[in-house]
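Letter by letter, the sequence shown follows residues 0 to 369 in numbering that gives the first Met the number 0.
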Amino acid sequence: MSTRPAPTRLLHLTRMPPSPSGVAAYAAVFRHALAEIAPTTTVELPPDPAASQSFPLARRLVRRLRRPLADPGTVLVVEQAGRGLAEFWAAWWLTRRGARVWLMVHDVPALSGGAFFSRTLDRRGGRRLAALLSGTLGRRAERDLLQRVERVCCLSPAGAEALTAAHRLTRPVEPVPHVAVPPPLVPAAVAARRAILVPGYVAAAEDVLPLLPVLAALPTDWRLLVGACPDDAGAVLARAAAGLGVADRVELLGFTDEAGVRAAFARAAVVVRWRHSGWSGAAGRYAVSGPLIAAFANAGAVLTNDDRGAAHLLPRAGATLVRDADDLGPALAALVADDAERLRRARAGRALVESEHTPAAVAALLRGGA
């Protein structure tokens, strides 16, 4: 916890929608919490995440930020994710010259994603050198940055423990709840919903196929909404839906803007966040799923096997943890057959968001540690 004065201005270094980066979608809502702490200006990174693999961009960021950060009341909030070489080295340089920085680490326990994996070296013939430099000089710079910044944050308690252990930190890492902006809800409208949402990105058709027989057995007013997925997966789902006679009740939403994403969650009685291959072995094993938090905020009852960073939230949010593909269909059928149970679970998720994940709640937590 810092003993420095509360900030009078925040500079938020991040990508923002319509960048395809998942951090952009997160930052768009986190900014509401920052704005409750102090006036906030977004310092927007190029939309393409690969653009951060650039030492020239790091230099440009330093030149842009060093003057405003000379004000002791100004704090730089850095969203650090992926191969964020530019923002990492800019933050490192600025902290060594006294700037106040809050660091939000997304891909725990990694930090820079390889401090020397610039676009020049991240190719055949250069990766061995990049790995050598990242594992020696880069590793020392990462630990130096983590010790120097005013605050280190991540999105889950498990992630905070992993980051502390991986970098042998002697300072606290603060778990900060994933921000959500819960929309106004009319209870009767929530009860009347008849859509099952599988939010994107859907990696494979196998993540959705177990739901189709359940849909076929439901009354015809029930629909299945499927978020963005590969073309081949969409084709497999379309054929399977046609074979079961439910092609007109399956909507492949594809890639959509933020308004489209919000509209899909607002329609969902049930949100299925499930992957046939599981989640914990993938990169981002401490990640907190934005779609899960959005489901809770919109009072969608949740079925999931996403046991990464949000695992500690699932029981309190009324989510149903479904491990096996054979159990997914029956779990969905049971949930849609029991309106009272579905709505009880939906209310639990919404209550969790309203108590801990709103911009005001997260801002209060951050102010308490400032």
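Glycine included, C-beta positions come from ideal geometry on N, C-alpha and C. Please read all numbers here as calculations on a predicted model, not as lab measurements.
By alpha-carbon positions, which one of the options ends up nearest to residue i?
i           : options            : result
residue 84  : 122, 125, 137      : 137
residue 315 : 330, 324, 292      : 292
residue 63  : 351, 89, 359, 213  : 89
residue 179 : 32, 49, 126, 120   : 32
residue 261 : 24, 4, 20          : 24
residue 307 : 51, 108, 61, 27    : 108
residue 370 : 241, 219, 195      : It is not possible to answer for residue 370, since the shown part of the chain is limited to 0 through 369.
residue 94  : 265, 65, 243       : 65
residue 298 : 277, 329, 265      : 265
residue 49  : 119, 322, 101      : 119
residue 246 : 254, 276, 236      : 236
residue 14  : 28, 4, 321, 203    : 28
residue 105 : 56, 156, 364       : 156
residue 133 : 146, 150, 110, 200 : 110
residue 239 : 221, 352, 215, 219 : 215
residue 225 : 249, 217, 243, 205 : 249
residue 342 : 351, 100, 317      : 317
residue 323 : 205, 365, 259, 360 : 205
residue 26  : 141, 78, 101, 182  : 78
residue 80  : 47, 359, 3, 96     : 47
Along the chain, where does the beta strand (DSSP E) that runs through residue i open and close?
i           : result
residue 97  : From DSSP, residue 97 is part of no beta strand (DSSP E); its letter is neither H nor E.
residue 151 : 150-153
residue 381 : For the chain, the structure presents residues 0 to 369; residue 381 sits outside this window and is missing.
residue 8   : 8-13
residue 197 : 194-197
residue 43  : 39-43
Which word fits residue i, buried or exposed, when buried means at least 16 other C-beta atoms lie within 10 angstroms of its C-beta?
i           : result
residue 325 : exposed
residue 86  : buried
residue 174 : buried
residue 296 : buried
residue 257 : exposed
residue 309 : buried
residue 73  : buried
residue 176 : buried
residue 6   : buried
residue 115 : buried
residue 290 : buried
residue 185 : exposed
residue 131 : exposed
residue 338 : exposed
residue 163 : buried
residue 146 : exposed
residue 122 : exposed
residue 319 : buried
residue 241 : exposed
residue 158 : buried
residue 349 : buried
residue 344 : buried
residue 244 : exposed
Expressed to the nearest angstrom, what Euclidean distance is found between the alpha-carbon atoms of residue i and residue j?
i           : j           : result
residue 210 : residue 327 : 7 Å
residue 357 : residue 228 : 29 Å
residue 230 : residue 304 : 24 Å
residue 273 : residue 286 : 15 Å
residue 213 : residue 284 : 30 Å
residue 375 : residue 153 : Any question about residue 375 goes unanswered here, given that the chain covers just 0 to 369.
residue 113 : residue 129 : 8 Å
residue 0   : residue 38  : Low confidence applies here, because residue 0 scores a pLDDT of 48, under 50, leaving its location unreliable and the question unanswered by this model.
residue 269 : residue 300 : 5 Å
residue 207 : residue 197 : 7 Å
residue 362 : residue 355 : 10 Å
residue 82  : residue 44  : 13 Å
residue 203 : residue 188 : 32 Å
residue 11  : residue 42  : 6 Å
residue 340 : residue 364 : 32 Å
residue 219 : residue 143 : 59 Å
residue 312 : residue 124 : 44 Å
residue 98  : residue 192 : 50 Å
residue 421 : residue 117 : Nothing can be reported for residue 421: it is not among the residues displayed for the chain, which extend from 0 to 369.
residue 367 : residue 161 : 23 Å
Between which two residues does the alpha helix (DSSP H) carrying residue i extend?
i           : result
residue 351 : 338-351
residue 22  : 21-36
residue 163 : 156-165
residue 178 : Counting along the chain, residue 178 falls outside any alpha helix (DSSP H), and DSSP gives it neither H nor E.
residue 115 : Careful: residue 115 lies outside any alpha helix (DSSP H) and carries neither H nor E.
residue 142 : 138-147
residue 189 : 186-190
residue 129 : 126-132
residue 289 : 289-296
Consider the Cβ of residue i: report whether some Cβ of chain C lies at a distance smaller than 8 Å.
i           : result
residue 333 : Absent from the structure: chain C. Only one protein chain is present.
Item checked: Every unbroken beta strand (DSSP E) within the segment 47-95, with a cutoff of 3 residues, ordered by chain -> 73-79
Notebook entry, point to check: Which runs of the beta strand (DSSP E) spanning at least 3 residues fall entirely within the segment 237-281, listed in chain order?
Noted result: 249-253, 269-272
Checklist line | Continuous beta strand (DSSP E) assignments of at least 3 residues falling wholly in the segment 199-233 | finding: 222-226
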